[in-house]
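Engineer: Numbers 501 to 807, taken from this note's numbering, label the letters of the sequence shown in order.
For every residue, glycine included, the Cβ atom is placed at its ideal position computed from N, Cα and C.
Keep in mind it's a predicted model, so treat the numbers as computed, not measured.
Input: one structure, supplied below.
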Amino acid sequence: MDAARQVVGRESDLDSLRAALRSASGALVVGPAGVGKTHLVHSFLGEVAARGGRIETFVASQTTQQIPLGALSPVLAQAKLVNSSKFEQLTQAICALLGDSEESLAPALMFDDVDLLDAASADVVHQLASSRQASVWLTIRSGEPIPAPIESLWRSGNIHRIDLEPINRDCATRIAEGFLEGALARSAADALWDLTLGVPLYLREAVHDFVASGLLRQGKQGWEIDGPLEPGHRLQDLLLRRIERLSAVDRGLVEMVALAEPLAASLLSLGDQDAALKLVRRGLLQWRDSTTRDVLVSAHPLFASCT
């Protein structure tokens, strides 16, 4: 059960990345968790590689964030520059280790979750992009703080910003059918949409869970649902990991809203109101009415099932 490799419902976003390659030094892709930021950038960089471009992917994490140049440590170790703080040496070493690109293409560097970049690595990324020694392709979840050097690249026009939203119902059906390698019955497509609201990562895990449990099986009208849909282990684990990474205050508020929604914001303490604003920006809570902003609900129905 392999997903179709094409990027479904993101054709205009791919065009935006191509435009950033032509006219800038890369792009910052922003969107909610699971919306497909990494998959989109990987697909685009596959095109760059096919044209002869050199690609390198770096991983930022809470662990590397505590180490100066931690995100860049693998390439710096190869260049024997682990203890160097000279940007010129660092940037030249990174480009040299990437090898040669086609003459018209600078080396392309991808950084996932740039909010977790250590300060020194963020400065190196800024230097590489602003000097056009490399193009940089960055992802970050909505609501997470953008490191100052990265924000400077975007605001100065050195890189473009691309904001992703969940895909629409038709695209969600096409993605699920790609995973299943077959057509979905209309009722099954509707049920999967109601559960996942077009978040591709949730959709993938849900399809795997429901096929494994027998809730999703082939019938006369294609893949059909046989019974009520409840999140399986894979989907629950995914959601729980996201919630468990929150602080105790934020996690408690997400759980409170999930259990009591709709929840009037006036019932919250000032501290919880500040936390609620942050969680709305991060896509975990949302206002029932974005104009009045007086009632909070879960940003996704799956959160209520996992608290």
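Measure from the alpha carbon of F710 to the alpha carbon of each residue in V575, A748, P728, then state which is nearest.
Structural biologist: Cα-wise, what sits closest to F710 is P728.
Engineer: Below 6 Å CB to CB, which residues in the same chain sit around R661 once its five sequence neighbours on both sides are set aside?
Structural biologist: Around R661: L528, W654.
Engineer: With distances taken between CB atoms, is the gap from A689 to E724 smaller than 8 Å?
Structural biologist: No, they are not a contact pair.
Engineer: Nearest to V541 by alpha carbon, out of M756, E761, S516?
Structural biologist: Among M756, E761, S516, the Cα nearest to that of V541 is on S516.
Engineer: For V749, I'd like the list of residues in its chain whose CB is within less than 6 Å of its CB, leaving aside the five on either flank, ordered along the chain.
Structural biologist: Only A775 meet the Cβ criterion.
Engineer: Might you give, ordered along the chain, the residues of its own chain that have their beta carbon closer than 8 Å to the beta carbon of V614, omitting 5 neighbours on each side?
Structural biologist: So the list reads L528, A560, A622, V625, L638, T639, I640, I646, P647, I650, once near-sequence residues are dropped.
Engineer: Specify the secondary structure class of V541 as computed by DSSP and reduced to three states.
Structural biologist: V541: helix per DSSP, three-state reduction.
Engineer: Drop a sphere of 10 angstroms on the beta-carbon of R551, count the other beta-carbons inside from all chains shown, and report buried for 16 or more, exposed for fewer.
Structural biologist: Flag for R551 reads exposed.
Engineer: What's the C-alpha gap between M501 and A634?
Structural biologist: Here the model assigns M501 a pLDDT of 46, short of 50, so the residue's position is not dependable and the matter cannot be decided.
Engineer: Could you check whether A629 and G526 sit closer than 8 Å to each other, using their CB atoms as the reference points?
Structural biologist: A contact, by the Cβ cut-off of 8 Å.
Engineer: Considering just the uninterrupted stretch of the beta strand (DSSP E) at T791, what are its terminal residues?
Structural biologist: Where T791 is concerned, there is no enclosing beta strand (DSSP E), given that its DSSP letter is neither H nor E.
Engineer: Is E651 near the ligand MG - that is, is its Cβ less than 7 Å away from at least one heavy atom of it?
Structural biologist: No copy of the ligand MG occurs in the structure displayed, which carries no ligand at all.
Engineer: Which partner residues does E724 have in the DSSP bridge list?
Structural biologist: E724 is bridged to R717.
Engineer: I'd like to check one pair, M756 with L878: are the Cβ atoms closer than 8 Å?
Structural biologist: Since the first residue shown for the chain is 501 and the last is 807, residue 878 is missing from the structure and cannot be characterised.
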